[in-house]
Amino acid sequence: MNQPIHDNQINRVLLKPRFKMEMKENEAEVLDKFKNQFANKECKYCGKVVNHHVVIDVPKEEDHFWSPQLHLEVEKNEQNTTIVRGLFGPKPTVWTMFMFVHFAVAIAFFIFLVIGYSKWSLKGDYTFAMIMCISMVVLWFVLYVMGQLGKKKGYKQMLELDDFMKKVLNK
118 MNQPIHDNQI NRVLLKPRFK MEMKENEAEV LDKFKNQFAN KECKYCGKVV NHHVVIDVPK
178 EEDHFWSPQL HLEVEKNEQN TTIVRGLFGP KPTVWTMFMF VHFAVAIAFF IFLVIGYSKW
238 SLKGDYTFAM IMCISMVVLW FVLYVMGQLG KKKGYKQMLE LDDFMKKVLN K
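The sequence shown finishes on residue 288 if you use the working numbering, and the numbering steps up by one all the way, no holes.
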């Protein structure tokens, strides 16, 4: 998957698109390109280089809840080339919150399912538990739609981050 953010792939179920590139420069040269770019006062994009990782954010004035982040991992290859692995995704706080809500909904679904089954097997009224199970499924779909809308809202910024990275790497 060389171009994970190409237009015809926006509808794919890729929560965090990934890519991999091979560079002729060594890893220090690749990392220095980003360090120099981030040190430039005219650089539009915020970012940081830590060890063999580069994190690129959208400009503060364009930042919103669904703004993506580009995380690059730079590593040496056996053939004296450098492998750059990239990952587009939401900011870690947004991703953590989103996954926490997903797990909370899943746990609630199974709790209400067990309660409903217990009530059913004891010939009790299990209506509330089943309504809650159905509500959890509906909530899962709402979360999915929210994620897709967020991905579409941040797509233009993802393309901008991709262009910036390619410009820095001369690709």
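The beta-carbon is built from N, C-alpha and C at its ideal position, and this holds for glycine as well.
For clarity, every value in this text was computed on a predicted model and none was experimentally measured.
Quick check: what's the CA-CA separation for ASN157 versus ILE232? 60 Å
For CYS250 and MET216, what's the separation of their Cα atoms in angstroms? 19 Å
Check whether the segment 172-183 and the segment 269-282 are in contact - that is, three or more C-beta pairs closer than 8 Å. yes
In three-state terms, what does DSSP make of LEU239? coil
Simplified DSSP assignment, three categories, for LYS284: helix
Note down, in chain order, each residue of its chain lying with its Cβ closer than 7 Å to the Cβ of TRP237, except the 5 sequence neighbours on either side. TYR243
So what's ASP279 in DSSP terms, helix, strand or just coil? helix
With a CB to CB cut of under 6 Å and the five nearest residues on each side skipped, what residues in its chain are close to PHE155? GLY164
Roughly how many angstroms lie between the CA atoms of GLN120 and ALA223, to the nearest whole one? For GLN120, the predicted model reports a pLDDT of 48, less than 50, meaning its position is unreliable; a value from the coordinates is still stated below. In a straight line, the C-alpha of GLN120 is about 33 Å away from that of ALA223.
When you compare each of ASN168, VAL175, TRP212, GLU277 to LEU260 by their alpha carbons, which one comes out closest? TRP212
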